[in-house]
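Residue numbers (my numbering): 164 to 285.
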């Protein structure tokens, strides 16, 4: 029972990053858009990223398709870390490393599954 409760808490913390990131992009897309365009990517990519953040975050939080969403979130964190690889900016380098740590957490979630407290626990 304690393992399932801890799995739920861990899922909620990981999902919070995605959901809040989605709402942050929705409220003010400027900073994320600047990182995208600054690296030569088209600005419209902000909208699929926002949708992914909200959908994956909600799915992981609720325990729906947890394993595939966790793997996708791990890849997303690894991929988006490139936007923060700015060696002259200590804050951005902290985010770069944080993204890789989160990717590890999402991989562990994919490995272990959502626990018993999930809407679709298969």
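By construction, the Cβ of each residue, glycine as well, lies at the ideal position given by its N, Cα and C atoms. From a predicted model like this one, the values you see are computed outputs, not experimental measurements.
- Here the alpha carbon of residue 279 sits roughly 5 Å from the alpha carbon of residue 167.
- Your pair residue 229 and residue 276 checks out as a contact, with CB atoms roughly 6 Å apart and the cut at 8 Å.
- The shortest C-alpha to C-alpha distance from residue 189 to any of 209, 170, 180 and 172 is the one to 209.
- Between the alpha carbons of residue 273 and residue 172 lies a gap of roughly 15 Å.
- Boundaries of the alpha helix (DSSP H) harbouring residue 230: 229-243, taken from the DSSP string.
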